[in-house]
Each structure stands twice: as structure tokens, then as C-alpha cells.
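Every position in the sequence shown, counted from 1, becomes a number in this note's numbering once 1436 is added.
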Amino acid sequence: MKLIDLRRLALITLLAACGSSDDADTSDDQTPPTSGRTAMESWLSAGSYKDWACEPTVHEARSPSPHGFNRICSNSLIAGAATGTAPWPKGSAAVKELYASATSTTPFGYAVYLKTEADSAAGANWYWYERVPLDSEAPHDNNGTVADGNGDSGPAMTICVGCHNAAGADSAHTPSVGGRDQVYTPVR
């Protein structure tokens, strides 16, 4: 085999190995990344979610939320179906900015969720991310990460889905009109 043919073969092999996969992160302005803390923190810092439908002010948590002072922003898929009753479509997402007080102007943490499949699968098909300050009482790692992953295992399942599964189940778990399918407060 000629040297040039070996080089072409090597190049083709390298290009094929670098191709995209179905597991590739496909985040954009309406879709948070699902590839981990670094990508999520970068996406949050870019602030595109602030152009979503957002609550006008920071407020105390609505029962049964443990999140303290917060402000929620919903992407167009949640905002557009906020008063409906059907399950949220794939791609539905929200960002909850976490604050130290009602007068704070800078979030000290975030809780993010994204529906990754049409069927919620009791929360397993949602991606969950939460980061809190290192001195928070919430269980977290040395980066402040409470949850980072799909709701089928680990803290995303036990903490996030453990609570959000009840969204819309009864009056105690419907603090906002339209709450259902893992989402307590849809913002429109």
C-alpha cells in the first residue's frame, strides 16, 4: 500500500472517530446542556435563559419548595403551555435562580431541569442540575453541586424527582396554576 493511501486511511479513521454521536450535547438558547457541571455553569453564565418567561421579582419559596428565595424562568415550551393540562413536551426547561434574600440581586445558586424525552418516565427522563453555596445545608459535593444528571439514579432521582414527582398531584402540590408533570411553577 502506498504511503499516501495510508495517510488517507488514517485521516478517514480520525474523522470518523471525531464525528458526532446521538449522545452529543445539543444545548442552545432554549435548551440547557446535559453534559455536566462545566457546560451547565458556562451556559448559565451566558444568561440566555434570562430572555425566557421569568417571574418579575425574587420571592420566598412556595410550599412545598425547599429552595428559599428564588425566581423562576421557563423556556418557550413551558411558557406556551403553562395553563394546559397535558404533559410537557420534550425540550421543556426551567431555571430557578436561588438567592440569599428577597433583596439580593445576584443568584448564589441555580436549579435547572430539562425534559429529555416525550415520556417523563416518572422523572427519569428529565435532566436535573442544582448548585448551591458551599455552606448550604443541602447535601452537595465540594463544588456545591447537589444534582447533575438524569432522574433515574443518584441525587437527581432521590432529591429532585423525589420532590417533583408530586407536582400537580393535589392542592398542596400545586402552588401555581398549570403545575404538573415534574413542574411546580410554570411561568408564562
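We put the CB at the ideal spot given by N, CA and C, even for glycine.
Pair within 8 Å by beta-carbon distance, residue i and residue j
{"i": "ASN1511", "j": "ALA1482", "result": "no"}
{"i": "CYS1596", "j": "ALA1605", "result": "no"}
{"i": "GLY1559", "j": "SER1572", "result": "no"}
{"i": "ASP1617", "j": "ALA1603", "result": "yes"}
{"i": "PRO1500", "j": "ALA1592", "result": "no"}
{"i": "GLY1545", "j": "ARG1567", "result": "yes"}
For residue i, the residue or residues it bridges with in DSSP
{"i": "THR1581", "result": "ARG1567"}
{"i": "ASN1506", "result": "HIS1495 and LEU1534"}
{"i": "ARG1616", "result": "VAL1619"}
Distance between residue j and residue i (C-alpha atoms, nearest Å)
{"i": "THR1542", "j": "VAL1494", "result": "10 Å"}
{"i": "TYR1535", "j": "ASN1506", "result": "6 Å"}
{"i": "HIS1503", "j": "ALA1547", "result": "9 Å"}
{"i": "THR1610", "j": "SER1478", "result": "32 Å"}
{"i": "THR1462", "j": "ALA1557", "result": "21 Å"}
{"i": "ARG1624", "j": "PRO1492", "result": "11 Å"}
{"i": "ASP1555", "j": "THR1594", "result": "19 Å"}
{"i": "PRO1469", "j": "ALA1538", "result": "28 Å"}
{"i": "MET1476", "j": "PRO1622", "result": "21 Å"}
{"i": "ASN1601", "j": "SER1471", "result": "23 Å"}
{"i": "LYS1526", "j": "ASN1561", "result": "9 Å"}
Reference residue i; option with closest CA among the options
{"i": "LEU1513", "options": "LYS1532, ALA1497, SER1537 and TRP1488", "result": "TRP1488"}
{"i": "GLY1520", "options": "THR1581, GLN1466 and VAL1613", "result": "VAL1613"}
{"i": "ASP1465", "options": "PRO1523, ALA1497, LEU1550 and ALA1603", "result": "LEU1550"}
{"i": "CYS1490", "options": "GLU1533, THR1467, GLY1598 and ARG1473", "result": "GLU1533"}
{"i": "ARG1473", "options": "ASN1578, TYR1620, ALA1515 and CYS1599", "result": "ASN1578"}
Contact test: residue i Cβ vs the ligand MG heavy atom, cutoff 7 Å
{"i": "SER1501", "result": "This structure lacks the ligand MG; in fact it carries no ligand of any kind."}
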